[in-house]
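Undergrad:
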Amino acid sequence: MKERINNRIVFNLYVWISFFIFIMAILITILWILKLNKEIIQQWRGFLSIELILFIVFILFGIADNLIKPAYFEALITTDQILIKSFNPNLRNDARIIMMLFYRKHIAEYKISRQTYNNYKIQIERFGFKRSLILQKIENGRIYESKPINISFLGIKKYTDLIISIDRLKEKITVN
Numbered sequence: 000m001k002e003r004i005n006n007r008i009v010f011n012l013y014v015w016i017s018f019f020i021f022i023m024a025i026l027i028t029i030l031w032i033l034k035l036n037k038e039i040i041q042q043w044r045g046f047l048s049i050e051l052i053l054f055i056v057f058i059l060f061g062i063a064d065n066l067i068k069p070a071y072f073e074a075l076i077t078t079d080q081i082l083i084k085s086f087n088p089n090l091r092n093d094a095r096i097i098m099m100l101f102y103r104k105h106i107a108e109y110k111i112s113r114q115t116y117n118n119y120k121i122q123i124e125r126f127g128f129k130r131s132l133i134l135q136k137i138e139n140g141r142i143y144e145s146k147p148i149n150i151s152f153l154g155i156k157k158y159t160d161l162i163i164s165i166d167r168l169k170e171k172i173t174v175n
């Protein structure tokens, strides 16, 4: 059994929409500075409606971004181990948009074998919008937990497949 679960398409879409909104915000700021000239204001009478629509889209995208905290997630689950690759955009970094475009260079990997795997936890936060996976493993008689791995961008089917695959690794579910 070898199962691969990821949210690559959705995360790439999110990255490009974020980049587009970032560029649009810069362009709107530049045009707004140029609008201080009254001649330009008269030429761009319809610009206020476009500006308002883009501002509303920017606010709605920001709220969704803040609630979900989107992250890249990829899991390869075999009968012997779990290999998880994850990228959480750093919200404090000013170059976040640029880092997201090249997220494949900044991926963190978690590898847990069947012998050391103990259990997992799912954290649900922000009114159910943000879900995180925490893997537990046993080493030297102690239980260690991974950092929370954001799985918010997984659809319901992929989320269910992930949980079932992790449970199979622990042999909680037997496959006929």
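Start counting the sequence shown at 0; every next residue gets the next number (numbering that gives the first Met the number 0).
Backbone N, C-alpha and C define an ideal beta-carbon position, used for all residues, glycine too.
The structure presented is a predicted model; accordingly, all values stated were derived computationally and were not measured.
(1) Would residue 119 and residue 165 qualify as a contact pair, given that the criterion is a beta-carbon distance under 8 Å?
(2) Residue 84 lies in the beta strand (DSSP E); which residues open and close that run?
(3) Would you check if the distance between the CB atom of residue 111 and the CB atom of residue 134 is smaller than 8 Å?
(4) What residue range is occupied by the uninterrupted alpha helix (DSSP H) comprising residue 159?
(5) So which of 78, 139, 102 and 114 has the shortest CA-CA distance to residue 72?
(6) Just curious, the beta strand (DSSP E) that residue 118 is in, first and last residue?
(7) Taking the continuous beta strand (DSSP E) assigned at residue 129, which residues delimit it?
(8) Within the same chain, show all residues whose beta-carbon is closer than 7 Å to that of residue 57, passing over the 5 residues directly before and after it, in chain order.
(9) Should residue 157 and residue 4 be called a contact, given that it needs their Cβ atoms to be closer than 8 Å?
(10) Going by other Cβ atoms of all chains shown within 10 Å of its Cβ, with 16 needed for buried, is residue 139 buried or exposed?
(11) Quick check: what's the CA-CA separation for residue 22 versus residue 81?
(12) Take the Cβ of residue 169 as the centre, count every other Cβ of all protein chains shown within 10 Å, and call the residue buried at 16 or more, exposed below.
(13) Tell me the rounded alpha-carbon separation between residue 51 and residue 69.
(14) Taking the CB atoms as reference points, tell me whether residue 128 and residue 67 lie closer together than 8 Å.
(15) Rounded to the nearest angstrom, how far is the Cβ of residue 153 from that of residue 6, given a contact under 8 Å?
(16) Taking the beta carbon of residue 59 as the centre, do at least 16 other beta carbons fall within 10 Å, making it buried, or is it exposed?
(17) Ends of the beta strand (DSSP E) at residue 76?
(18) Taking the DSSP output, what are the residues bridged to residue 112?
TA: This is what the structure gives:
(1) Numbered from its first residue, the sequence shown carries residue 119 at position 120. Numbered from its first residue, the sequence shown carries residue 165 at position 166. Cβ distance < 8 Å, so residue 119 and residue 165 count as in contact.
(2) Numbered from its first residue, the sequence shown carries residue 84 at position 85. Looking at the DSSP string, the run of the beta strand (DSSP E) that includes residue 84 is 80 to 86.
(3) Taking the sequence shown and counting its residues from 1, the one referred to as residue 111 is at position 112. Taking the sequence shown and counting its residues from 1, the one referred to as residue 134 is at position 135. Cβ distance < 8 Å, so residue 111 and residue 134 count as in contact.
(4) Mapped onto the sequence shown, residue 159 falls at position 160. From DSSP, the alpha helix (DSSP H) with residue 159 extends over 155 to 168.
(5) Numbered from its first residue, the sequence shown carries residue 72 at position 73. Nearest option by C-alpha distance: 102.
(6) For the purposes of this step, residue 118 is taken as residue 119 along the sequence shown, with counting starting at 1. Residue 118 -> beta strand (DSSP E) spans 116 to 124.
(7) Along the sequence shown, read from residue 1 onward, the residue named residue 129 stands at position 130. Run containing residue 129: 129 to 138, per the beta strand (DSSP E) assignment.
(8) Translated into the one-based positions of the sequence shown, residue 57 becomes position 58. 20 and 24.
(9) Looking up residue 157 in the sequence shown gives position 158. Looking up residue 4 in the sequence shown gives position 5. Their beta carbons are under 8 Å apart, which means residue 157 touches residue 4 by this criterion.
(10) The residue labelled residue 139 in the question sits at position 140 within the sequence shown. Exposed.
(11) Here the question's residue 22 lines up with position 23 in the sequence shown. Here the question's residue 81 lines up with position 82 in the sequence shown. If I take the Cα positions, the gap works out to 38 Å.
(12) For this step, residue 169 is matched to residue 170 along the sequence shown. By the 10 Å Cβ count, residue 169 comes out exposed.
(13) Locating residue 51 in the sequence shown gives position 52, counting from the first residue. Locating residue 69 in the sequence shown gives position 70, counting from the first residue. Rounded to whole angstroms, residue 51 to residue 69 spans 26 Å at the Cα level.
(14) The residue you call residue 128 lines up with position 129 of the sequence shown. The residue you call residue 67 lines up with position 68 of the sequence shown. Result yes, Cβ atoms of residue 128 and residue 67 sit closer than 8 Å.
(15) As a position in the sequence shown, residue 153 is number 154, starting the count at 1. As a position in the sequence shown, residue 6 is number 7, starting the count at 1. Confirmed, about 5 Å.
(16) Residue 59 sits at position 60 when you count from the first residue of the sequence shown. So residue 59 ends up on the exposed side.
(17) In the sequence shown, counting from the first residue as 1, residue 76 sits at position 77. That run of the beta strand (DSSP E) goes 71 to 77.
(18) To locate residue 112, count along the sequence shown from 1; it is residue 113. Answer is 80.
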